[in-house]
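**Q** Sharing a structure, written as structure tokens. Questions coming.
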RNA sequence: UCCUCGGUAGCUCAGGGGCAGAGCAAGCGACUGUUAAUCGCUGGGUCGUAGGUUCAAAUCCUACCCGGGGAGCCA
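Residue numbers (my numbering): 6 to 503.
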């Protein structure tokens, strides 16, 4: 058996492929089978004269997603996807598929999500899962090469780590238990045993969020490092993101092309240092005249674009009456695209003034909203690291900035192109008394943090760590508009099946 | 929880008081180079659910259910 991604090693030789029918066309005494086998897609050509009568019957009985084995000769052919095609000599049907619901046509999100178990076979989904795998492998490679030890934190926990988010509650032998929203506190304990560790596992948030950036179950990577301060933490986060970006570009070009990802944007990330600004500098930037002018300019740009595409639409509509059938289809498609873009522009007209207002009136001490993040990232081509945040809006375990009591040594990493926060991290508070006071101040139950405070009783050291959201990273690197396409079976509000 | 848009054939959608429609998919047929193939024919409907207004409701009104996008929260 040969795999499709190895066909170039078998040109002009006979091979046997095992897989599924991705698409099917017939033309009298020719049958064209686009066959997929998990490694790729290739076109198989069955000519009536080249196969036995029973094989010809088998070939003409095929339907989308039928499973089959094909034997034939590999020919280099530029007309065919992948640059090769198979001239078939034998066709063996494994199973004739029933009516396959996902046709090579457009479908709505709800329908595709209901058929997620089948949707995973489609090209773009296939490519995204391969990139996800590459990212996972790159993360392990990055940490393992630096002598980090991978460790698993518990999924059942007795408390909310930060107290703020809503958690999934379960019954744990008549005791309340919660699905972990982070493994961080446990990671700190393990770092005190091994120095450098990282966790890689699922986390759960019961927030009723319905946005393109949220799942109720998602995978998080949380390194924790003894004797690391905030700067070392930021260096590590930056090195890691640039490393995985470089690996994905190097090893998954084909998949990125299927996803129509602009690879040059990823190359910039891999090659350039990230900008680091403090929270206070970010606030100044938001309130600046430059930002206001930039947003005004955006409105002007939208107006011009609106004029241009409306004119284009008028022109192609005129052409429609006398156009050939294929051109009519093309025009219909373009008209739909223009309509969607105009809707987006309408939304921008409503949003941009609000963004401007939010940015101009931003008050030091507040957390950034979604629009503030968007505005901050408008002119960024690589991730932006925002550090030294007001203590009020951050978790109790973050270490105070010795140079400014109002601040904690936390850092958020924002991805470009509107993907938002992909990393949140900090240097951790290592003083026992300070932590005890803050647990009290945050109204958190002291008894469940007893073991955590022990870490400050027995050889407390400066240490730092961060959490990377895997799905947001996959969405960003793949250029996907929604995290639901970055994980095989997304769990989100109202979605438990399949 | 709130704001906003939507639910019509298997799928994507049009129809917005007066006969339930199109394209694709499915079935049958034609075609020796197709690329979402093309061409001809055929079958296919609880117009999200319940109630109301009307001579007449997919269309108007009310409530509810489901979904998309967003706010809050965050990775």
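The beta-carbon is built from N, C-alpha and C at its ideal position, and this holds for glycine as well.
Please determine if the segment 232-250 and the segment 136-151 are in contact, where contact requires at least 3 C-beta pairs separated by less than 8 Å.
**A** Enough Cβ pairs lie closer than 8 Å, so yes.
**Q** By DSSP, does residue 30 sit in helix, in strand, or in coil?
**A** Strand at residue 30.
**Q** Note down, one range per segment and in chain order, each alpha helix (DSSP H) of at least 4 residues found wholly within the segment 414-459.
**A** List check, alpha helix (DSSP H) in window: 437-446.
**Q** Report the option in 390, 153, 24 and 190 whose CA atom is closest to the CA atom of residue 163.
**A** The candidate whose alpha carbon is nearest that of residue 163 is 190.
**Q** According to DSSP, is residue 76 helix, strand or coil?
**A** Residue state, collapsed to three classes: strand.
**Q** Which of the three DSSP states, helix, strand or coil, is assigned to residue 467?
**A** Residue state, collapsed to three classes: coil.
**Q** Output the boundary residues of the alpha helix (DSSP H) element that contains residue 237.
**A** Looking at the DSSP string, the run of the alpha helix (DSSP H) that includes residue 237 is 235-256.
**Q** Check for me: the beta strand (DSSP E) holding residue 136 runs from which residue to which?
**A** It is not in any beta strand (DSSP E) - residue 136 instead sits in the alpha helix (DSSP H) that spans 128-150.
**Q** Does the Cβ of residue 409 have 16 or more other Cβ atoms within 10 Å, making it buried, or fewer, making it exposed?
**A** Classification for residue 409: exposed.
**Q** Residue 302: buried (16+ other C-beta within 10 angstroms of its C-beta) or exposed?
**A** It is exposed - the Cβ of residue 302 has fewer than 16 other Cβ atoms within 10 Å.
**Q** Do residue 71 and residue 98 come within 9 Å of each other at the CB atom, strictly closer than that value?
**A** For residue 98 and residue 71, yes; Cβs fall inside 9 Å.
**Q** Just reading off the beta strand (DSSP E) that residue 94 is part of, what are its end residues?
**A** First-last of the beta strand (DSSP E) with residue 94: 89-100.
**Q** CB-CB under 7 Å to residue 153, same chain, minus the five flanking residues each way: which ones, in chain order?
**A** Excluding residues within five positions, the ones whose Cβ falls inside 7 Å are 201, 202, 203 and 228.
**Q** Can you tell me where the beta strand (DSSP E) with residue 477 in it begins and where it stops?
**A** Where residue 477 is concerned, there is no enclosing beta strand (DSSP E), although the alpha helix (DSSP H) it sits in stretches over 475-483.
**Q** So what does residue 154 bridge to, in DSSP terms?
**A** Its beta-bridge partners are 202.
**Q** Over the uninterrupted beta strand (DSSP E) stretch that includes residue 184, give me the two end residues.
**A** Its beta strand (DSSP E) spans residues 180-184.
**Q** Grouping DSSP H, G and I as helix and E and B as strand, with all else coil, what is residue 195?
**A** DSSP places residue 195 in helix when its eight states are reduced to three.
**Q** From this set, 214, 205, 285 and 24, which residue's C-alpha is nearest residue 46's C-alpha?
**A** When each option's Cα is compared against that of residue 46, the closest is 24.
**Q** Can you find the residues in the same chain that come closer than 8 Å, C-beta to C-beta, to residue 270, ignoring five residues on each side of it along the sequence?
**A** Cβ within range, chain order: 386, 421 and 422.
**Q** Can you have a look at residue 469 and say buried or exposed, based on whether 16 or more other CB atoms are within 10 angstroms of its CB?
**A** Residue 469 is buried by the Cβ-count criterion.
**Q** Given that a residue counts as buried once 16 or more other Cβ atoms are within 10 Å of its Cβ, and exposed if not, what is residue 60?
**A** Counting Cβ neighbours within 10 Å, residue 60 comes out buried, since at least 16 surround it.
**Q** Do you know offhand how far residue 414's Cα is from residue 87's?
**A** Looking at the two C-alpha atoms, the distance is approximately 50 Å.
**Q** Mark residue 26 as exposed unless 16 or more other C-beta atoms lie within 10 angstroms of its C-beta, in which case mark it buried.
**A** Burial call: buried.
**Q** So does the segment 337-355 actually touch the segment 382-399, counting three or more Cβ pairs closer than 8 Å?
**A** Short answer: they don't touch.
**Q** Please go through the segment 282-322 and give each complete alpha helix (DSSP H) segment of 4 or more residues, from N-terminal end onward.
**A** Counting only runs of 4 or more, we get 284-292.
**Q** With 16 as the cutoff for other CB atoms within 10 Å, does residue 230 come out buried or exposed?
**A** The residue is buried, with at least 16 neighbouring Cβ atoms inside 10 Å.
**Q** Which residue from 120, 177, 131 and 73 puts its Cα closest to that of residue 259?
**A** It is 131.
**Q** Which partner residues of residue 392 appear in the DSSP bridge assignment?
**A** Residue 392 pairs with 283 and 416.
**Q** For residue 499 versus residue 471, is the C-beta spacing smaller than 9 Å?
**A** No, they are not a contact pair.
**Q** Among residues of its own chain, excluding the 5 on either side of residue 15, which ones have a beta-carbon nearer than 7 Å to its beta-carbon?
**A** Excluding sequence neighbours, residue 15 sits near 7 and 79.
**Q** Expressed to the nearest angstrom, what Euclidean distance is found between the alpha-carbon atoms of residue 133 and residue 450?
**A** Using only the alpha carbons, I get a separation of about 42 Å.
**Q** Under a Cβ-count criterion, where at least 16 other Cβ atoms within 10 Å of its own Cβ denotes burial, should residue 360 be classed as buried or exposed?
**A** Residue 360 should be labelled buried.
**Q** Beta-carbon within less than 7 Å of residue 318's beta-carbon, same chain only, minus the 5 sequence neighbours each way: which residues are those?
**A** Closer than 7 Å at Cβ, skipping near neighbours: 340 and 343.
**Q** Report the option in 75, 404, 13 and 192 whose CA atom is closest to the CA atom of residue 438.
**A** When only C-alpha atoms are compared, the closest one is 404.
**Q** Alpha carbon to alpha carbon, how far is residue 290 from residue 383? Give it in angstroms, no decimals.
**A** Taking the straight line joining both Cα atoms gives about 12 Å.
**Q** Report buried or exposed for residue 456, applying the criterion of at least 16 other Cβ atoms within 10 angstroms of its Cβ.
**A** It is exposed - the Cβ of residue 456 has fewer than 16 other Cβ atoms within 10 Å.
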